[in-house]
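Take a look at the structure below.
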Amino acid sequence: MAAIKFSELIGKGYREFWFFRGRYRIVKGSRGSKKSKTAALWYILNMMLYNEANTLVVRKTYRTLKDSCFTELKWAVARLGAGAAWSFKESPLEMTYLPTGQKIFFRGLDDPLKVTSITTEVGRLCWLWIEEAYEITNEKDFNILDESIRGVVPEGLFKQITLTFNPWNERHWLKKRFFDVQNPEILAFTTNYLINEFLDEADIRLFEDMKKRNPARYQVAGLGNWGISEGVVYENWEEADFAVSEVFKIKDAVSVFGLDFGYTNDPTALFCGVFLKKEKVIYVFDELYERGLTNFKLASRIKEMGFGKEKIRADAAEPKSIEELRQLGLKGIRAARKGKDSINNGIQFIRGCKLIIHRKCCNFLTEISNYCWESDREGKRLNVPKDDFNHLMDAMRYSLEEAVTGDRMSF
């Protein structure tokens, strides 16, 4: 491994994080704040320094790990010039430090048995990294992970849990548990893009534009401050595990799919649900939430998810994209109707239903927790939702126009 100076490796802002040895390292921060890349570098370097350490990397859903933590850790191996010392396996995701046989394991909370049944052939499982910890809405799930890092470790080694996340909502249990207390076993701090000397001018301009265009979002996504979700639009929901095949056995169950277009700054969002008209229940069972998708890639992704033949109601503002997706094989796609008061009519209908959201739909859970009404300068709430955290919320509205047969409201 080539010699690299500490300052060149991680830059400024993370010295205390790097050398802290207490049980909990908690980093909330904005996008572009180096938190994930710094964590990845720390794990790779320290796995090579501590020859009995093994690491568990967790996100709420397993399928999100490959394009996030797994990729970041592979980048860290290359950054350290240690590619010859590591092997990478994708099924299941796993990394091995070849000189000793130490491993980095990857698990999702959508399969809790696999999280609690890890055994190591070399050394101890002593380190845990939870990326996008905000996705873990149930503190009990964290407690299960916390308890998995246990047992005696050799002298000189230490047990530690690292959580990295964007702080969308100050009501999240993470704030009370780690930021509102004083405990020598906890290092909890906030970081943001302003300390990232590796960003270029184009990256900085994105944040400066956000500061002018959406000051409230800039406070969270730019500065890493806690988001304040007052006046949420939907409170009629719960998170649950359920088998969608069992839901479809209910007599009046009908599938509903909605699509909201995005590309660079905003994600393309596909809502996948089951609507029970008689019971007025909406089951949210899957989602697509991704930036940078061309129409060709979008069509391919929807087909890969198994929804290529479904009826999909898409944002009518992009008729060209809808026609192109139809030509790419999504024959059931069509433009959603839009009319006067269409947003509020759709919202009021959904507020009259019960929403049951599958635990794996992390982006939907994030949006519905932060989708709020606008306020005027005096703080009075307006009957207009904020233009934020609304991609899957809009897609959900589009999806329901077909399910509500006989209703002329435009969603």
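The opening position of the sequence shown corresponds to residue 176 in my numbering, with each subsequent residue numbered one higher.
Beta carbons: idealized from backbone N, C-alpha and C, even for Gly.
- Here F195 has L362 as same chain residues with Cβ atoms under 7 Å from its own Cβ, once five neighbours each way along the sequence are excluded.
- In the three-state scheme derived from DSSP, where H, G and I count as helix and E and B as strand, L332 is classed as coil.
- Contact annotation: G283 and Y237 have beta-carbon atoms nearer than 8 Å.
- Secondary structure note for S550: its beta strand (DSSP E) is the uninterrupted segment 548-550.
- Excluding the 5 residues flanking it on each side, D286 has same chain C-beta neighbours closer than 7 Å at Y237, in chain order.
- Counting only unbroken stretches of 4 or more residues, the alpha helix (DSSP H) elements lying wholly within the region 200-258 are 210-224, 246-254, in sequence order.
- In this model, N545 and N341 are separated by some 13 Å (Cα to Cα).
- Taking the Cα of V422 as reference, the smallest distance to any Cα among P390, Y458, R392, I319 is reached at Y458.
- Closest option to A418, judged by alpha-carbon separation, among E577, H533, W548: H533.
- Annotation for Y393: M385, K386 place their beta carbon closer than 6 Å to its own, counting only its chain and skipping 5 residues before and after.
- If one requires a minimum length of 3 residues, the beta strand (DSSP E) runs lying completely within the region 327-414 are 335-340, 361-366, in chain order.
- Fully enclosed beta strand (DSSP E) runs of no fewer than 3 residues occupy 412-415, 428-435, 443-451, 456-465 of the region 406-467, in order along the chain.
- Out of D427, C537, A491, the CA that lies nearest to the CA of D416 is found in C537.
- Taken through DSSP and simplified to helix, strand or coil, L567 comes out as helix.
- Shown here, F280 sits in a strand according to DSSP, grouped into three states.
- With a cutoff of 8 Å on beta-carbon distance, D490 and A511 are scored as near each other.
- When DSSP reads this structure, F482 sits in no beta bridge, so it has no partner.
- When rounded, the separation of the alpha-carbon atoms in I305 and T339 is 6 Å.
- For T271, the enclosing beta strand (DSSP E) stretches over residues 268-272.
- Note on geometry: alpha-carbon atoms of Y199 and L320 lie some 12 Å from one another.
- Taking 8 Å as the cut-off, the beta carbon of T295 is found no closer than this to the beta carbon of K315.
- Within the DSSP secondary-structure output, W261 pairs in a beta bridge with Y272.
- The region 491-563 contains, as complete alpha helix (DSSP H) runs of 4+ residues, the segments 494-502, 517-526, 537-545 (chain order).
- DSSP places L575 outside any beta strand (DSSP E), giving it a letter other than H or E.
- A distance below 8 Å between beta-carbons, with the five flanking residues on each side excluded, links S211 to the following residues of its chain, in chain order: S243, C244, E247, E306, T339.
- Checking the DSSP bridge columns, you'll see A308 has no partner listed.
- The region 549-566 makes no contact with the region 476-490; the number of CB pairs closer than 8 Å stays below 3.
- Under the three-state reduction of DSSP, R476 is assigned to helix.
- The shortest C-alpha to C-alpha distance from E465 to any of K453, V456, F446 is the one to F446.
- By the CB criterion at 8 Å, A257 and I219 fall inside the cutoff.
- Taking W548 as reference, the option from F539, T541, N565, K535 with the minimal CA-CA separation is N565.
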